[in-house]
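The block underneath contains the structure these notes are about, expressed in structure tokens.
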């Protein structure tokens, strides 16, 4: 059994799909591991460390892919990369499949079994494979660090001989994994933190971290969560009431961090131009949903926009801004999943096609798109 770890072709991607630690684990499963030269450089892992862990270094992607049974990447492989993959190989990555019909057809045409890690079901045995959580956790932390870097004042309250410095006021919109980590990080830095979310269960989590919860808590709010634990789309009437409450709150904040995403949909607009303009100069907004269209009007992907003295931070690939840590966690998520696809006795790839993890994540197999959510329109 041979496992190929490829470099990322996207210039914005600094993460890598394996670390020396997971290479050793793959070796223990009986696999030969080939790592494309330079794959870990941006994450601070030189080729020599992969070699010391037992991997061979392949000069090119084609060399790494030769006879590989399993291909590991961070992002979905481009068409050119799939040329060297043998039919039937398992290709595992963050596939970003929503609205990507042409890309899914390319995967199907390559006759690979493509697995999308972000579709991993939120069940107990899959927690260790949950890439959305491992990466969002880091994004929430980094959002606060980035906000602090752009904010021209101190975060905690300081009592000095020259006078008292007031604590920064931080408002976190969306209390999922990223939002909760942002709350915890801002609190650790000494800010006064408030947060909002449309899911009632979030209130207790927010308050347990020492932040104040801000929301219109009516009957609709109490029903606002799907069985899978995701946020539901709210009615126009509720959105209006919530927007009025949030608008008055945002005007008093120093830092706002938005984290709201709905799987398969554009990011909901939470902060309007008027809200941005209500903030005082020197304030900062960090939009973690900027790659999906953004929660903040005026946010631009890959830029820090200055609007009337208010900075709107729209960095791309925020987990990748902590490349070493993000790679370490992502590589462990991948290993935990790959382990379920391998027969320990024969040390070969043996996918159990009826396993709920496989059914939830498998996009293509035997030349066809097999995932029910991504069937091509008739």
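Residue numbers (the working numbering): 1383 to 1760. All C-beta atoms, glycine included, are put in the ideal place defined by N, C-alpha and C. Only a predicted model underlies this, so the values are computations on that prediction, with no experimental measurement involved.
Distance CB(residue i)-CB(residue j) smaller than 8 Å
i	j	result
residue 1587	residue 1557	yes
residue 1432	residue 1459	no
residue 1496	residue 1454	no
residue 1620	residue 1404	no
residue 1688	residue 1550	no
Closest by C-alpha distance to residue i, when choosing among the options
i	options	result
residue 1659	1691, 1698, 1617 and 1416	1691
residue 1643	1496, 1514 and 1452	1514
residue 1707	1398, 1389, 1390 and 1388	1398
residue 1456	1546, 1668, 1517 and 1485	1517
residue 1723	1413, 1390 and 1395	1413
residue 1486	1604, 1759 and 1751	1751
residue 1552	1572, 1545 and 1428	1572
residue 1426	1754, 1703 and 1637	1703
residue 1663	1674, 1627 and 1634	1634
residue 1594	1601, 1605, 1606 and 1579	1579
residue 1439	1505, 1591, 1673 and 1415	1415
residue 1493	1592, 1747, 1754 and 1755	1747
residue 1434	1409, 1622 and 1441	1409
residue 1600	1616, 1592, 1590 and 1501	1616
residue 1754	1510, 1479, 1445 and 1589	1479
Three-state class that DSSP yields for residue i in the structure shown
i	result
residue 1499	helix
residue 1551	strand
residue 1457	strand
residue 1466	coil
residue 1689	strand
residue 1418	strand
residue 1425	helix
residue 1478	coil
residue 1669	strand
residue 1394	coil
residue 1616	coil
residue 1655	helix
residue 1384	strand
residue 1724	strand
Separation of residue j from residue i, as counted between CA atoms
i	j	result
residue 1721	residue 1710	17 Å
residue 1584	residue 1560	12 Å
residue 1477	residue 1424	21 Å
residue 1671	residue 1650	9 Å
residue 1757	residue 1451	25 Å
residue 1669	residue 1490	34 Å
residue 1525	residue 1638	10 Å
residue 1503	residue 1472	19 Å
residue 1693	residue 1629	17 Å
residue 1749	residue 1735	15 Å
residue 1623	residue 1673	27 Å
residue 1500	residue 1506	15 Å
Below-8 Å beta-carbon distance, residue i vs any chain B residue
i	result
residue 1430	Among the chains of the structure shown, chain B does not appear; only one protein chain is present.
Practice item. Assess, as a yes-or-no matter, whether the segment 1464–1474 is touched by the segment 1735–1742 under the definition of 3 or more beta carbon pairs within less than 8 Å. Key: They do not touch, by the three-pair rule.
Practice item. Decide if the segment 1681–1698 is in contact with the segment 1722–1736; the criterion is three or more beta carbon pairs, one per stretch, under 8 Å apart. Key: Using a C-beta cut-off of 8 Å, the segment 1681–1698 makes no contact with the segment 1722–1736, since fewer than three inter-stretch Cβ pairs fall below that distance.
Review point. Does the segment 1644–1659 come close enough to the segment 1527–1543 to have 3 or more Cβ pairs within less than 8 Å?
Key: Pairwise C-beta distances place the segment 1644–1659 out of contact with the segment 1527–1543, as fewer than three of them are shorter than 8 Å.
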